[in-house]
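The block underneath contains the structure these notes are about, expressed in structure tokens.
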Amino acid sequence: MTDYIMLKAFAYEHLRDMIQTNVLEFNKVYSETKIAADLSISRTPVREALVRLNNERYIDILPSRGFMLHKPTDEDIVESYHVRMATESYCGRILAREYQSEDGRNTIASMRSLLDRQIEIDRQSYEQNRVEFWQVDVQFHNQLVNYIKCPSFDNLFNTFIHFFMSLRIKNFIHKGRNKTTLIEHERIVDALTRGDEQATLDAIQTHLKSSLDITLSSLETLN
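What follows is the structure, given as structure tokens:
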């Protein structure tokens, strides 16, 4: 049983990584059988991993055919925006309020380090580092949500963050968007460092609204 659970987790994490690194493409049907063969495991753990990814809206299962990446709709993006706005705004205000606690200082320091990493990535070969920039971006926001140690918030964040992912990676090909992200992240960290709840809230809301507008405008790139 333990081995099976490990195989199921392995299949899920491998497939999710393939999605998040753009190995799997939109508008293309993939075979469950081939995925299992490529991973050298049976179809059962792969099938269960696909069911989980389908529930999380990473993919759409096509009966008797395989699966495709889920193509976000306007409604998906707006829903994820509202969930993220509510979750991250609340967590940000709590973190700003507790900015002098040990956990608060450690979380803000981690966010600062992740921002520094994004700045470093931005200075490197841009085209080759879009995925890493995004991955660090997700970690930055994860630090904010994880601060209050609420599994329900963590699950909400992980369920909806990927609706921004594929489109945002495409958007990061434009260096101007990268720079804007860095500026917006800097404002969030600075407000948290000062323990300014209102400034933190304003910075988070501005950043997420900016992300929403760009993501909605980029849906056509998936067609």
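Residue numbers (the numbering used here): 16 to 238.
Using N, Cα and C, we set each Cβ at its ideal position, and we do this for glycine too.
- In this model, Glu113 and Phe41 are separated by some 42 Å (Cα to Cα).
- About 18 Å separates the Cβ atoms of Thr215 and Asp152, ruling out a contact at the 8 Å cut-off.
- Taking a 10 Å sphere around the C-beta of Gln213, we find fewer than 16 other C-beta atoms and assign the residue as exposed.
- Judged by beta-carbon spacing, Thr48 lies within the 8 Å limit of Arg58, meaning their Cβ atoms are closer than that value.
- Between the segment 165-174 and the segment 113-125, the count of C-beta pairs closer than 8 Å stays below three; the two stretches do not touch.
- Secondary structure note for Ile163: it is in no beta strand (DSSP E), with a DSSP letter that is neither H nor E.
- Residues Val160, Phe168, Leu171 and Phe172 of the same chain have their beta carbon placed closer than 8 Å to that of Thr102, with the five preceding and five following residues left out of the count.
- Listed as beta-bridge partners of Gly210 by DSSP are no residues whatsoever.
- Secondary structure note for Ile136: its alpha helix (DSSP H) is the uninterrupted segment Glu117 to Arg138.
- Sequence-distant partners of His85 (beyond 5 residues in either direction) whose C-beta falls short of 7 Å from its own C-beta, in its chain, are Arg72, Tyr73, Ile74 and Asp75.
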